[in-house]
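Asks: Numbering (our numbering), first residue to last: 6 to 202.
Heads up, the beta-carbon is just placed ideally off N, CA and C, and yes, glycines get one too.
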Amino acid sequence: MSQQPTNPTIPPSMGDFHVPVEPPAWPKVVGIISIVLSSLGLVCGVCGIGFLAFMRPLLKMAEAQMGPAPEVLIPGPLLVALAAVGVVWSAVLLVAGIATLRRRPNGRMLHVVYSGVAIVLTVISSFVNWQHQSAILKWVSENPTDQWAKQQSPMGAYAGMAFGVCIGLGYPIFLLVWFGAMGKRPEAGSLPEEPLV
6 MSQQPTNPTI PPSMGDFHVP VEPPAWPKVV GIISIVLSSL GLVCGVCGIG
56 FLAFMRPLLK MAEAQMGPAP EVLIPGPLLV ALAAVGVVWS AVLLVAGIAT
106 LRRRPNGRML HVVYSGVAIV LTVISSFVNW QHQSAILKWV SENPTDQWAK
156 QQSPMGAYAG MAFGVCIGLG YPIFLLVWFG AMGKRPEAGS LPEEPLV
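See below:
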């Protein structure tokens with residue numbers, strides 16, 4: 006039985022030449038972005054908790070010049086607890102970023118879990134912050150001549166909150182779309198695991 010002639014016009018596939026296919030670069034890009042953002046979150050979160058912990062003594066030091074500090078300026082325990090949870094959740098994003106950078110299959114799952122919880126935490130913390138800022142503004146309106154009231158900047162406070170909401174929701178929503186609606190992205194764990202350099 007004779008072999009069928011091959012068509013010279015059809016080029017052989019890349020696999021016929023055993024040429025290695027370049028792995029997709031997106032796992033490294035997403036992993037690096039997650040590592041950078043989580044590192045910033047860890048540093049800022051730890052500094053924020055430290056500031057909240059020493060806020061009362063700092064206000065006491067300024068009372069010599071500005072008079073007694075109003076209690077409304079001091080964040081409540083719920084804000085402190087949310088800040089602590091935020092630090093822990095930044096560590097989860099760091100682990101997810103490292104896993105995705107190394108093309109581990111659990112990188113996708115960790116990112117999806119991180120994103121879902123991060124969105125809920127952002128909504129809750131934004132609401133609590135808004136309540137705190139509203140209480141401060143109410144006190145300022147009732148005490149316009151107080152030295153502490155003159156130091157308050159409503160526009161700055163709300164601008165900071167808006168920035169925090171954009172950062173807190175933007176990347177988690179991107180991750181949910183990337184790993185969820187656009188598919189499971191199996192390339193993250195379909196190739197041999199890459200060591201960290």
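Could you tell me if the beta carbon of Gly-50 falls within a distance shorter than 7 Å of some heavy atom in the ligand NAP?
Replies: Ligands displayed in this structure: none; no statement on the ligand NAP is therefore possible.
Asks: Report the option in Pro-177, Ile-38, Cys-171 whose CA atom is closest to the CA atom of Ala-104.
Replies: For this step, residue 104 is matched to residue 99 along the sequence shown. Of the candidates Pro-177, Ile-38, Cys-171, the one whose C-alpha sits nearest the C-alpha of Ala-104 is Ile-38.
Asks: Taking contact to mean 3 or more Cβ pairs, one atom from each stretch, closer than 8 Å, check whether the stretch 90-103 and the stretch 31-46 are in contact.
Replies: With the cut-off at 8 Å, the stretch 90-103 and the stretch 31-46 touch.
Asks: Which term fits Ala-74, buried or exposed, when burial requires 16 or more other beta carbons within 10 angstroms of its beta carbon?
Replies: Counting from one through the sequence shown, the residue named residue 74 turns up at place 69. Result: buried.
Asks: Return the CA-CA distance between Ser-18 and Pro-28, expressed in angstroms with no decimal places.
Replies: Along the sequence shown, one-based indexing puts residue 18 at 13. Along the sequence shown, one-based indexing puts residue 28 at 23. Per-residue confidence for Ser-18 stands at a pLDDT of 49, beneath the threshold of 50, marking its modelled position as unreliable; the derived number appears in the next sentence. The alpha-carbon atoms of Ser-18 and Pro-28 are separated by roughly 17 Å.
Asks: Suppose contacts are defined by Cβ-Cβ distances below 8 Å. Is His-116 in contact with Leu-180 by that definition?
Replies: Position 111 of the sequence shown, counting from 1, holds the residue named residue 116. Position 175 of the sequence shown, counting from 1, holds the residue named residue 180. Taking 8 Å as the Cβ cut-off, His-116 and Leu-180 qualify as a contacting pair.
Asks: Leaving aside the five residues before and after Val-51 along the sequence, list all residues of the same chain whose C-beta is less than 7 Å from its C-beta, in chain order.
Replies: Reading the sequence shown from its first residue, position 46 is the one you call residue 51. These residues qualify, in order along the chain: Val-92.
Asks: Starting from Gly-169, trace the alpha helix (DSSP H) both ways and give me its first and last residue.
Replies: By 1-based counting over the sequence shown, the position of residue 169 is 164. Residues 159-181.
Asks: Which same chain residues end up closer than 7 Å to Val-90 when comparing Cβ atoms and leaving out the 5 residues on each side of it in sequence?
Replies: What you label residue 90 is simply residue 85 of the sequence shown in a count that begins at 1. Cβ within range, chain order: Leu-126.
Asks: Less than 7 Å between C-beta atoms, sequence neighbours within five positions excluded: which residues of the same chain meet that for Met-71?
Replies: By 1-based counting over the sequence shown, the position of residue 71 is 66. For Met-71, where only same-chain residues beyond five positions count, the Cβ hits under 7 Å are Gln-152, Trp-153.
Asks: Looking at the structure shown, is Asn-148 part of a helix, part of a strand, or coil, going by DSSP?
Replies: Indexing the sequence shown from 1 puts residue 148 at position 143. Correct three-state label for Asn-148: coil.
Asks: Whose C-alpha, out of Gly-112, Gln-157, Ser-146, Ser-130, is nearest the C-alpha of Val-34?
Replies: Here the question's residue 34 lines up with position 29 in the sequence shown. It is Gly-112.
Asks: Please report the straight-line C-alpha distance between Leu-83 and Met-166, rounded to a whole angstrom.
Replies: The count along the sequence shown starts at 1 and reaches residue 83 at position 78. The count along the sequence shown starts at 1 and reaches residue 166 at position 161. Cα to Cα, Leu-83 sits roughly 17 Å from Met-166.
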